[in-house]
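Novice: Pasting a structure below so you can have a look.
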Amino acid sequence: MAPSFRHRLEYAGFLLVYATLAALPLEVAMRLAAAVAVLAIRLDRRHRRIGLVNLAIAFPEKSPGERLRILVASHRNLGRMIAECAHIRRLTRDNVRARIGFADESLWRQIPDALGRTGILVLTGHFGNWELFAHVHGLLGHPVHLVRQTIKNPFIDAFVDRMRRRAGTRTLRKHAAARGVLRALGDHQLMVLPLDQNASRRTGVFVEFFGKLASTNSGFGRIAARTGVPVYPAFLVREGTSARHRIVILPRVPFASMADRDQAAREFTQLCTVVLEAMIREHPDHWLWTHKRWRTRPVGEPDVYER
1092 MAPSFRHRLE YAGFLLVYAT LAALPLEVAM RLAAAVAVLA IRLDRRHRRI
1142 GLVNLAIAFP EKSPGERLRI LVASHRNLGR MIAECAHIRR LTRDNVRARI
1192 GFADESLWRQ IPDALGRTGI LVLTGHFGNW ELFAHVHGLL GHPVHLVRQT
1242 IKNPFIDAFV DRMRRRAGTR TLRKHAAARG VLRALGDHQL MVLPLDQNAS
1292 RRTGVFVEFF GKLASTNSGF GRIAARTGVP VYPAFLVREG TSARHRIVIL
1342 PRVPFASMAD RDQAAREFTQ LCTVVLEAMI REHPDHWLWT HKRWRTRPVG
1392 EPDVYER
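In terms of this note's numbering, the sequence shown has 1106 at position 15, counting the first letter as 1, and numbering is strictly consecutive.
Okay, structure coming up:
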């Protein structure tokens, strides 16, 4: 489909915002973008409601006021992330260590040896600054392969893809990713797959997420079952409200081989989801709460987002 006038208008607005944030000092840009993001969620009733429904599922013990504060803090983080992306060209192999540290660098140093034997699946989600997470890996000498969803605006989609590729990130379109994922793992590459988005009945398997069944892409577990590659959870955690982050790599997720590969994949997906949930519980302001994570329901269950 050819780009429309609306696409061009949206792209012009996108470039204006990007250029404005890029022209400001990073700390100023982060404060400005965070303030605008908070204003946006306060004015956007639809997404505010989705976020509060999700937070009620995740934290039933918290008061409505506490959940709203988490949602607002999440949007502050989103604003900071946008500002950091506008400054991402200024990150280089020489200065990246001034912004990015490690919770345990010894795990990171094991990557070259592991890649000499096999590919690695990296379990992560839309957590912290996920764009910076992939970019930094490339600058540190380990570029990643990343499955991406196509952005509806083709100009913005191409812009974001160019930004990702600048540090060596290789992107695979979600609708045709399976063969590319297997090829990357066969070539002993780092393959980053987020596992925190709603999946359709066709592609998903129901596992517990914050105590409620959530349809989760079964491809992650099936790839692990088929290839036997190691799976390591990894996340980028912000230090306070600053532009500094640390890479948190967690121990390998154990995989139990079974005769029933579908059952093995489902149980592995559940284990991975438990890891994601634990990170989100520890840093609830780092997660994107306005996605309809529990949209697909088991047969007979009502839509949790109905008014």
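For each residue, glycine too, the CB sits at the ideal point set by N, CA and C. In this text the structure is predicted, and so the values were computed from the model without any measurement.
Quickly, what does DSSP pair S1306 with across the bridge? List them, please.
Specialist: Position 215 of the sequence shown, counted from the first residue, corresponds to residue 1306. S1306 is bridged to F1297.
Novice: DSSP three-state call for Y1396: helix, strand or coil?
Specialist: Position 305 of the sequence shown, counting from 1, holds the residue named residue 1396. In the structure shown, Y1396 sits in coil (DSSP, three-state: anything other than H, G, I, E or B).
Novice: Can you check whether the CB of L1286 is closer than 8 Å to the CB of T1307?
Specialist: In the sequence shown, the residue the question calls residue 1307 occupies position 216. In the sequence shown, the residue the question calls residue 1286 occupies position 195. Yes, the Cβ-Cβ distance between T1307 and L1286 is below 8 Å.
Novice: Nearest to V1238 by alpha carbon, out of L1223, R1261 and L1230?
Specialist: To locate residue 1238, count along the sequence shown from 1; it is residue 147. Closest by alpha carbon: R1261.
Novice: Consider the C-beta atom of T1381 and the heavy atoms of the ligand GTP; say whether any pair is separated by less than 7 Å.
Specialist: Looking at this structure, you won't find the ligand GTP or any other ligand, since it has none at all.
Novice: Give me, in chain order, the residues of the same chain whose beta-carbon lies closer than 6 Å to that of G1229; leave out the 5 immediate sequence neighbours on both sides.
Specialist: Counting from 1 along the sequence shown, the entry for residue 1229 is found at position 138. If we look at G1229 and ignore the five residues flanking it on each side, its Cβ neighbours are A1258, G1259 and T1260.
Novice: Taking the alpha carbon of R1208 as the reference point, which residue from A1356, G1319, P1389 and R1293 has its own alpha carbon closest?
Specialist: The count along the sequence shown starts at 1 and reaches residue 1208 at position 117. Nearest option by C-alpha distance: G1319.
Novice: In three-state DSSP terms, what is N1168?
Specialist: Residue mapping note: residue 1168 aligns to position 77 of the sequence shown, counting from 1. If DSSP states are grouped into helix, strand and coil, N1168 belongs with the helices.
Novice: For the alpha helix (DSSP H) containing R1190, name the first residue and the last one.
Specialist: Within the sequence shown, residue 1190 is the residue found at index 99, counting from 1. Element bounds for R1190: n/a, residue is neither H nor E.
Novice: In this structure, how does DSSP classify L1039 when only helix, strand and coil are distinguished?
Specialist: The requested residue 1039 does not occur in the structure, where the chain is confined to residues 1092 to 1398.
Novice: Grab the span of the beta strand (DSSP E) containing P1285 for me, first residue to last.
Specialist: Here residue 1285 refers to the residue found at position 194 of the sequence shown. Segment L1281 to P1285, the beta strand (DSSP E) holding P1285.
Novice: Curious, which full-length alpha helix (DSSP H) runs of at least 4 residues does the stretch 1121-1158 contain?
Specialist: DSSP runs (the alpha helix (DSSP H)) wholly in the stretch 1121-1158: 1136-1149.
Novice: Under a Cβ-count criterion, where at least 16 other Cβ atoms within 10 Å of its own Cβ denotes burial, should D1394 be classed as buried or exposed?
Specialist: Here the question's residue 1394 lines up with position 303 in the sequence shown. With fewer than 16 Cβ atoms within 10 Å of its Cβ, D1394 is classed as exposed.
Novice: Sort H1217, L1206, P1245 and S1348 by Cα distance to V1235 and report the nearest one.
Specialist: In the sequence shown, the residue the question calls residue 1235 occupies position 144. For the residues H1217, L1206, P1245 and S1348, the minimum Cα distance to V1235 belongs to L1206.
Novice: Comparing alpha-carbon positions, which option in V1365, I1314 and L1304 lies nearest E1392?
Specialist: Translated into the one-based positions of the sequence shown, residue 1392 becomes position 301. Per the Cα distances, L1304.
Novice: Helix, strand or coil for P1375? Go by DSSP, reduced to three states.
Specialist: On the sequence shown, position 284 is the one that residue 1375 refers to. The answer is helix: DSSP assigns P1375 an H, G or I state.
Novice: Identify which residue in G1170, E1358 and W1378 has its Cα closest to the Cα of L1367.
Specialist: Here residue 1367 corresponds to residue number 276 of the sequence shown, with the count starting at 1. Nearest of G1170, E1358 and W1378 to L1367, Cα basis: W1378.
Novice: My parser needs the beta strand (DSSP E) runs of 3 or more residues fully inside the stretch 1213-1267; what are they?
Specialist: Segments of the beta strand (DSSP E) lying fully in the stretch 1213-1267: 1235-1239 and 1261-1264.
Novice: Per DSSP, what kind of secondary structure is H1336 in: helix, strand or coil?
Specialist: The sequence position of residue 1336 within the sequence shown is 245, counting from 1. Residue state, collapsed to three classes: strand.
Novice: Would you call the CB atoms of I1141 and K1383 closer than 8 Å?
Specialist: Residue 1141 sits at position 50 when you count from the first residue of the sequence shown. Residue 1383 sits at position 292 when you count from the first residue of the sequence shown. In contact: I1141 and K1383 (Cβ atoms closer than 8 Å).
Novice: Could you pull out every residue in the same chain whose Cβ sits closer than 7 Å to the Cβ of R1158, ignoring the five residues on either side in sequence?
Specialist: Here residue 1158 is taken as the residue at index 67 of the sequence shown, counted from 1. Taken in chain order, the residues that qualify are L1143, L1146, A1147 and F1150.
Novice: Quick one: using the 10 Å Cβ neighbour count with 16 as the cut-off for buried, is N1186 buried or exposed?
Specialist: As a first step, residue 1186 is located in the sequence shown; it is residue number 95 there, counting from the start. N1186 is exposed by the Cβ-count criterion.
Novice: My understanding is that L1112 touches A1124, with C-beta atoms under 8 Å, so please give their C-beta distance in whole angstroms.
Specialist: Here residue 1112 refers to the residue found at position 21 when the sequence shown is read from its first residue. Here residue 1124 refers to the residue found at position 33 when the sequence shown is read from its first residue. The pair is a contact, with the Cβ atoms about 6 Å apart (cut-off 8 Å).
Novice: Which of the three DSSP states, helix, strand or coil, is assigned to R1329?
Specialist: On the sequence shown, position 238 is the one that residue 1329 refers to. Correct three-state label for R1329: strand.
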